[in-house]
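Single-structure report; data block below.
Quick look at the structure:
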């Protein structure tokens, strides 16, 4: 099946599923490659009026809908060699949330630079942590690491020292910290 035939079939399948749920919204489906290029992504977007019930409290219904559609689409259209990543968004909710996470990450990275010490973000989903890691990977003076387990997993933003960045050599660091005086005793 060609990509055009696949996305047309998925689009029809999702529209029929949405009618069963009595969802009155415009539905569109697209097919793309993941950022890493190793998996194909089916993106499903619902647009319309009063779709808050599809999002739920803090996106709970949206996550459930994405899980169900992912299972159904992969069962019907995936092969043993390839499974699809299914991404569902309702009225741009997910995109605006990820944009907000990106802005917060940038602000906290500035805080880490100014303070010169690691800054911990609030616990967040894997997709949100990925956005933080990708956003801050552009900067040489910041690194990020994920910590915690399950729903308590969070990102720590860590500023790099001038020595780590290669801006100072060992003797300059020793001069500033006064470590030569300590080692000569």
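In the numbering used here, the protein residues as written are 45 to 229. Glycine included, every Cβ here is placed at the ideal spot set by N, Cα and C. Nothing here was measured: the structure is a model prediction, and the numbers come from that model.
Counting only runs of 4 or more residues that sit fully inside the region 139-185, the alpha helix (DSSP H) segments are 170-180, in chain order. Rounded to the nearest whole angstrom, the CA to CA distance from residue 177 to residue 157 is 16 Å.
The criterion of a C-beta distance shorter than 8 Å is satisfied by residue 58 and residue 71. Just so you know, the alpha carbons of residue 123 and residue 111 end up roughly 18 Å apart. Distances from the CA of residue 88 to each of 53, 98 and 133 were compared; the closest alpha carbon is that of 133. Each residue's CA atom was taken as its position, placing residue 92 and residue 53 some 22 Å apart.
In this structure residue 179 is buried. Its beta-carbon is surrounded by 16 or more other beta-carbon atoms within 10 angstroms. In the displayed model, residue 79 falls within coil according to three-state DSSP, outside both helix and strand.
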